[in-house]
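Trainee:
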Amino acid sequence: MTATSAPARSRPGTRHPRPAAARLLRLELRHNAMLWMMPVAVALFWFTAGRKTLASPPLWNLRVAVMQPNAVLAFASPVAGAAAWMGSRESRRRTTDLVNITARPRPARLLTTWAATTCWALVAYLACVAVVYAVTAHQATWGGPLWWPAVVSAASLAALAALGFAAGTLVPSRFTPPLAAVAAFFALGLSTQLIKGSQSYWLISPVVAGPWDLGPNPEVGTFYAYLPDLPMAQVIFLAGLTAAVLGALALPTGSGLRSLRRSAAAVTTAGLLVAGTAVALAGTGRLDAHGMIAIPALHDAASDRPLRYTPVCGHTTIPVCLHPAYASYLPATEAALAPVLGQVVGLPGAPARISQAAATYQQGPGNSVGIGMAGSPIGGTHPVFHFLLPVQLAGPVLTTSEMASQLRSATGPGIVASVTGDGPGASQAQHAVTTALLMAAGVVPSHPAAPGAPTAGNNVPPPGPGAGGERYVAPPPGSPAYAAAQRFAALPAAARRAWLTQHLAALRAGRISLRQLP
Amino acid sequence: MTAGRTRAAPVTTDRPGAPRLPGSRRAGMRLVRLYATSRRIPAALTAIVASALGLRIALIGHWDSYGALQLPLVFEAAAATVIVLTAASPLGEPERITGRWLPYLRLAATLALTVAAVGALAAAGTGAHLAGGTLDVLRNLAGLTGIGLLCAATISGGLAWIGPVAYLLPGVYALYTQWHHPALTTPWLWPGRPPHDLGAAICAGLVFAAGVAVITVRGARDLPGEEA
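So the sequences go chain by chain: A and B. Offset between the first sequence (1-based) and the numbering used here: plus 2. Offset between the second sequence (1-based) and the numbering used here: plus 1.
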C-alpha cells in the first residue's frame with residue numbers, strides 16, 4: 003500500500019464515521035496479497051484435498067478426516083507466503099519511516115494487516131469447506147457435519163498467517179516469503195514422521211486427524227460418537243501459538259509505549275503457556291477402543307456410549323442389516339452374501355439376521371493398529387451373525403466389486419461355519435460340509451495361505467472367525483475331506499438340505515465322520 | 002524512503018598494488034559484480050547452500066517411504082525460489098534502457114545459479130539415500146526454476162516464488178499417488194515420474210528452456226512501488 007492511496011479521512015457526509023480500526027482493516031483488506039493468492043490456494047485445495055475428499059465414500063466422518071490434513075497442507079504455503087509478503091511490505095516499499103510517525107501504534111497496524119490476511123485466507127478456506135460439506139450433505143445417508151476438523155484447519159490458517167507475518171516483519175528480505183512458504187509446508191507435511199504410537203506429543207500437528215497410520219477411517223464416529231479431544235487440544239495449541247507470535251511482534255524496542263510492550267509480553271507468555279499445555283495434553287492421548295484419540299483431561303465420558311441408530315435391512319432370505327451410514331453398501335452386501343445365505347436358510351441354528359458390528363481398535367507396536375470385532379460373531383436366542391464390512395478395516399479404498407469379493411470370501415465362510423460348527427478343533431466332516439456348501443454357493447475356498455501372507459488387520463492378527471477379516475482355508479485338494487466335500491456339493495440342493503436338516507445336530511457335535519457323509 | 006536502506010552500487014577504486022587488468026576486461030568484471038550485487042546473488046548462493054545443508058541434515062534422520070521420497074522435492078523447491086528471485090531488478094527502466102549486456106548477464110546468472118543449486122543438492126545427497134538421485138534433482142530443480150522464471154516474467158520478479166511454491170504441493174501429491182491410486186502419471190507433474198522418465202524430463206526441460214528464454218529476453222516484470 004502506498005501512503006497516497008489511503009484516504010486521509012472519512013468521506014464527507016458520512017453520518018456515522020467508521021471507527022479508525024475498521025477503516026484501517028478495510029484498507030488492508032483491499033490491498034492484501036492474500037486476496038490475489040486466494041485462487042492459488044483454492045486451486046491447490048481442489049487439486050489435492052477437494053478431489054480426494056469427494057472421491058471417498060459419502061460418510062461425514064471419513065470425508066472430514068480426509069479433508070482436514072489435506073486442506074491445511076493446501077493452504078499452508080500460500081497463506082504463510084502471502085503473510086510473509088505482507089509482513090515485509092513496509093520495508094519493501096520503504097515506507098517504514100513514513101508509517102512510524104503515524105498516530106496509530108505499530109503493533110495495532112501490524113495486527114490489522116495480519117487480520118486482513120487471515121480474513122482472506124479464511125474466506126477462501128470456508129468457501130472450499132462449504133462446497134465439500136454441501137456435496138457430502140447431499141450424498142450422505144446418515145449423520146451430520148462434524149465441525150471440529152474444520153475448526154482445526156481454520157485455526158491453523160490463523161497460526162500460519164501469524165508465523166509467516168512475523169517472519170516477514172522480523173526478516174524483511176526478498177527471500178523470506180518463499181522460504182516461509184516452503185518451511186511451513188515442510189514443518190506440517192513432514193512433522194508426522196515423528197509420531198510414534200497414539201501417545202505422541204506430535205499429534206498436536208493440525209495435519210493429524212486421528213490415530214496416525216490408521217488413516218481416515220469410515221468407522222470412526224458412526225457406532226460411537228466422534229471424540230473432539232484431539233481437535234480441542236489442537237485448537238488450544240494453535241490459538242496459543244497465534245497469540246504468542248502476535249504478542250512477540252510488539253516486543254521489540256520502538257514498538258510503542260512501555261505499557262503496551264508489557265501487555266505484549268504478557269500475551270506472549272500466556273500464549274506460550276497455553277500452547278505448551280496443549281502439547282502436554284496431546285501427549286497424554288491414547289487410542290480408544292473405538293478408533294479415536296481420547297485425552298483424559300478433555301474427555302467427556304458421555305462420548306463413550308454407543309450411538310443409537312435404526313439399521314437398514316435388506317430383503318434377502320436372511321435379512322442383512324447395516325448401519326445407516328453404510329446404507330449405500332447394502333445392495334452390494336446383499337448380492338455378495340445371497341448365495342451363501344441361500345445354502346443355510348431354514349437349517350437349524352442358521353442365523354436369523356446378518357448384522358454389521360462395530361470394530362474395536364487396539365494400539366500395536368509402533369504405529370500399527372489392530373482392528374477386530376469384539377465377542378463372538380454369532381449369538382443370541384434368535385442367532386444374529388455379526389460381521390465387519392471390509393471398508394471398516396484399515397487398508398486401501400475398495401471398489402464395490404472388490405468389497406463384494408472380500409465379503410464373499412471372508413464373511414460367507416464365517417456364516418456357513420457358524421451353522422456347521424466349523425472352526426478350530428472341528429471334525430473333518432464339519433470342514434468337508436462347510437467346504438461343500440461354499441462350493442455350492444459359488445464361493446471357491448482358498449487353499450492354505452502361504453506363510454507370511456498378509457493378514458487383514460494392520461500388522462496385527464486378524465479379527466475372530468467369520469468377522470470379516472480372514473479368509474477361510476479349505477481342506478487341500480486331494481485330501482479325503484476335499485473329496486467328501488466335492489461329493490456332498492454334487493448332490494442336488496434338496497438332498498443336501500434334507501440330509502443337513504436331519505444330521506446337523508450330530509455334525510455340530512462332531513459325531514459324524516467323513517465316511518458317513520453322502 | 003528510509004535513508005538507511007539505500008543501497009548504492011559499490012564504487013570500485015583500484016587498490017594500490019592491485020594487478021591492473023586490461024580496460025575492457027576490468028569493466029566486464031565490474032559489470033558482473035554490480036549485476037550480482039544488485040540481484041543479491043551472493044545472498045542467493047548462501048540460501049542455496051543453506052538449503053543443501055538443510056537437506057543433508059534432514060537426510061540423517063529416519064524417514065518412512067513417503068517422507069524419503071518427498072523430502073528432496075521440498076528442498077529443491079526452496080532452492081528454485083531463491084534462484085528465481087534473483088531475476089528481479091531493483092533498478093527497473095533505467096537499467097533496461099542502458100544495459101546492453103543485460104540479457105547475457107541474466108542468462109549467465111540463471112544458468113550459473115541453477116548449476117550451483119543442482120551441484121549443492123546432489124552433493125548433499127552424497128553418502129545418503131537421496132530418493133531419485135542426481136537426475137531427479139536436476140529435472141525437478143530445472144522444472145521448478147522454469148516455472149518461477151515464467152512467473153517472474155508474467156507476474157512480477159518479487160512474486161516469482163509463487164510458481165515453484167504452488168507447484169510443490171501437486172508435485173508432492175503426485176508422489177503420494179504412487180501409493181494411493183489412481184496415480185497421477187502426466188509428465189507435466191514430473192516429480193511423480195521416475196528419474197529416467199523421458200516424457201517428464203522433456204516437460205521439465207521445456208519449461209526451464211521457456212523460462213530462461215523469456216527471462217533472458219524480457220527480464221522480470223516490475224511491480225510499481227515495490228522494491229525488488
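The C-beta atom is built at its ideal place from N, Cα and C for all residues, glycine as well.
Look at the alpha carbon of Leu262 of chain A and the alpha carbon of Thr271 of chain A, and state the distance between them as a whole number of angstroms.
Mentor: Using only the alpha carbons, I get a separation of about 14 Å.
Trainee: Just how far apart, CA to CA, sit Cys323 of chain A and Ile417 of chain A?
Mentor: In a straight line, the C-alpha of Cys323 of chain A is about 14 Å away from that of Ile417 of chain A.
Trainee: Just the Cα atoms here: how many angstroms apart are Leu343 of chain A and Leu205 of chain A?
Mentor: Approximately 44 Å between the Cα atoms of the pair.
Trainee: Taking 8 Å as the CB-CB cut-off, is Phe225 of chain A touching chain B?
Mentor: Phe225 of chain A does not count as touching chain B.
Trainee: What residue range is occupied by the uninterrupted alpha helix (DSSP H) comprising Gly120 of chain B?
Mentor: It spans 103-125 - the alpha helix (DSSP H) in which Gly120 of chain B sits, taken as one unbroken run.
Trainee: Less than 8 Å between the C-beta atoms of Leu509 of chain A and Ala438 of chain A, yes or no?
Mentor: No, the pair does not count as a contact, with Cβ atoms beyond the cut-off.
Trainee: List, in order along the chain, the chain B residues whose C-beta lies closer than 8 Å to that of Ser79 of chain A?
Mentor: What Ser79 of chain A touches in chain B: Val166, Ala167, Leu169, Leu170.
Trainee: Once you ignore the five residues that flank Ala126 of chain A on each side, which residues in its own chain have a CB closer than 7 Å to its CB?
Mentor: Counting only Cβ-Cβ distances below 7 Å, and skipping sequence neighbours, we find Met40, Ala43, Val44.
Trainee: Report the three-state DSSP secondary structure of Phe209 of chain B (helix, strand or coil).
Mentor: Phe209 of chain B falls in the helix class under three-state DSSP.
Trainee: What residue does the alpha helix (DSSP H) around Arg97 of chain B start on, and which one ends it?
Mentor: Taken as a continuous stretch (DSSP letters only), the alpha helix (DSSP H) holding Arg97 of chain B covers 94-99.
Trainee: With C-beta atoms as the reference, is Ala214 of chain B less than 8 Å away from Trp191 of chain B?
Mentor: Going by C-beta atoms, Ala214 of chain B is not nearer than 8 Å to Trp191 of chain B.
Trainee: Starting from Ser305 of chain A, follow the beta strand (DSSP E) in both directions and report where the run begins and ends.
Mentor: Run containing Ser305 of chain A: none; DSSP gives neither H nor E here.
Trainee: Does the Cβ of Ile98 of chain B have 16 or more other Cβ atoms within 10 Å, making it buried, or fewer, making it exposed?
Mentor: When all chains shown are included, Ile98 of chain B counts as exposed.
Trainee: Let me know if Asp99 of chain A comes out buried or exposed under the rule of 16 or more other beta-carbons within 10 Å of its beta-carbon.
Mentor: Under this definition Asp99 of chain A is an exposed residue.
Trainee: Would you kindly work out how many angstroms separate the C-alpha atoms of Phe76 of chain B and Leu112 of chain B, rounded to a whole number?
Mentor: Approximately 18 Å, taken between the alpha carbons.
Trainee: Are there 16 or more other CB atoms within 10 angstroms of the CB of Met30 of chain B, so buried, or fewer, so exposed?
Mentor: By the 10 Å Cβ count, Met30 of chain B comes out exposed.
Trainee: Going by the CB atoms, is the gap between Ala511 of chain A and Ile406 of chain A shorter than 8 Å?
Mentor: In the sequence on display, residue 406 of chain A carries Ala and not Ile. In this structure, Ala511 of chain A does not lie closer than 8 Å to Ala406 of chain A by Cβ.
Trainee: Mind checking whether Ser157 of chain B and Leu224 of chain B have CB atoms under 8 Å apart?
Mentor: Result yes, Cβ atoms of Ser157 of chain B and Leu224 of chain B sit closer than 8 Å.
Trainee: Measuring only the C-alpha atoms, how far is Pro107 of chain A from Trp122 of chain A?
Mentor: Going from the Cα of Pro107 of chain A to the Cα of Trp122 of chain A covers about 24 Å.
Trainee: Can you find at least 3 beta carbon pairs, one from the region 32-52 of chain B and one from the region 150-158 of chain A, that sit closer than 8 Å?
Mentor: The region 32-52 of chain B, when compared against the region 150-158 of chain A, does not touch it at the 8 Å Cβ threshold.
Trainee: So if DSSP puts Arg288 of chain A in a beta bridge, which residue, or which two residues, is it bridged to?
Mentor: A:Ala296, per the DSSP bridge assignment.
Trainee: Report the CB separation of Phe490 of chain A from Val435 of chain A in whole angstroms; it is logged as a contact under 8 Å.
Mentor: Going by Cβ atoms, the distance from Phe490 of chain A to Val435 of chain A rounds to 6 Å, so yes, they are a contact pair.
Trainee: Along chain A, which residues have their Cβ under 8 Å away from the Cβ of Trp162 of chain B?
Mentor: Residues of chain A passing the Cβ test: Gly83, Pro179, Pro180, Ala183.
Trainee: The beta strand (DSSP E) that contains Arg355 of chain A, what's its start and end?
Mentor: 355-358 is the extent of the beta strand (DSSP E) around Arg355 of chain A.
Trainee: Between the C-alpha atoms of Val184 of chain A and Ser79 of chain A, what's the straight-line distance to the nearest angstrom?
Mentor: In a straight line, the C-alpha of Val184 of chain A is about 6 Å away from that of Ser79 of chain A.
Trainee: Just the Cα atoms here: how many angstroms apart are Gly466 of chain A and Asp290 of chain A?
Mentor: Because the pLDDT of Gly466 of chain A is 39, which lies under 50, any placement of that residue in the model is unreliable, and the number read from its coordinates should be weighed accordingly. The alpha-carbon atoms of Gly466 of chain A and Asp290 of chain A are separated by roughly 19 Å.
Trainee: Are Gly199 of chain A and Ala67 of chain A closer than 8 Å when you measure CB to CB?
Mentor: No, the Cβ-Cβ distance between Gly199 of chain A and Ala67 of chain A is not below 8 Å.
Trainee: Got a sec, what are the start and stop residues for the alpha helix (DSSP H) His505 of chain A sits in?
Mentor: Element bounds for His505 of chain A: 495-510.
Trainee: Could you work out which residues of chain A lie near Val173 of chain B, taking near to mean beta carbons separated by less than 9 Å?
Mentor: Those within 9 Å of Val173 of chain B in chain A are Thr50, Leu75, Phe187, Gly191.
Trainee: Just confirm the distance between the C-beta atoms of Gly273 of chain A and Leu243 of chain A, as a whole number of angstroms; I'd bet it's less than 8 Å.
Mentor: Between Leu243 of chain A and Gly273 of chain A the Cβ distance is about 7 Å, and since that is below 8 Å, they are a contact.
Trainee: What is the residue span of the beta strand (DSSP E) that Thr362 of chain A lies within?
Mentor: Thr362 of chain A -> beta strand (DSSP E) spans 361-365.
Trainee: From this set, A:Met294, A:Ala354, A:Ala186, A:Arg32, which residue's C-alpha is nearest Gly372 of chain A's C-alpha?
Mentor: Residue A:Met294 is the option with its Cα nearest to Gly372 of chain A.
Trainee: Pick from A:Gln236, A:Trp144, A:Gln70, A:Leu390: whose alpha carbon is nearest that of Gln310 of chain A?
Mentor: The sequence as given places Arg at residue 310 of chain A; Gln does not occur at that position. Comparing Cα positions, the closest option is A:Trp144.
Trainee: Quick one: is Val131 of chain A buried, meaning 16 or more other Cβ sit within 10 Å of its Cβ, or exposed?
Mentor: Buried is the call here.
Trainee: Between the beta-carbon of Leu75 of chain A and the beta-carbon of Gly191 of chain A, is there less than 8 Å?
Mentor: Closer than 8 Å, so yes.
Trainee: Is there a Cβ of chain B sitting closer than 8 Å to that of Leu46 of chain A, yes or no?
Mentor: Answer yes: the Cβ-Cβ gap between Leu46 of chain A and chain B drops below 8 Å somewhere.
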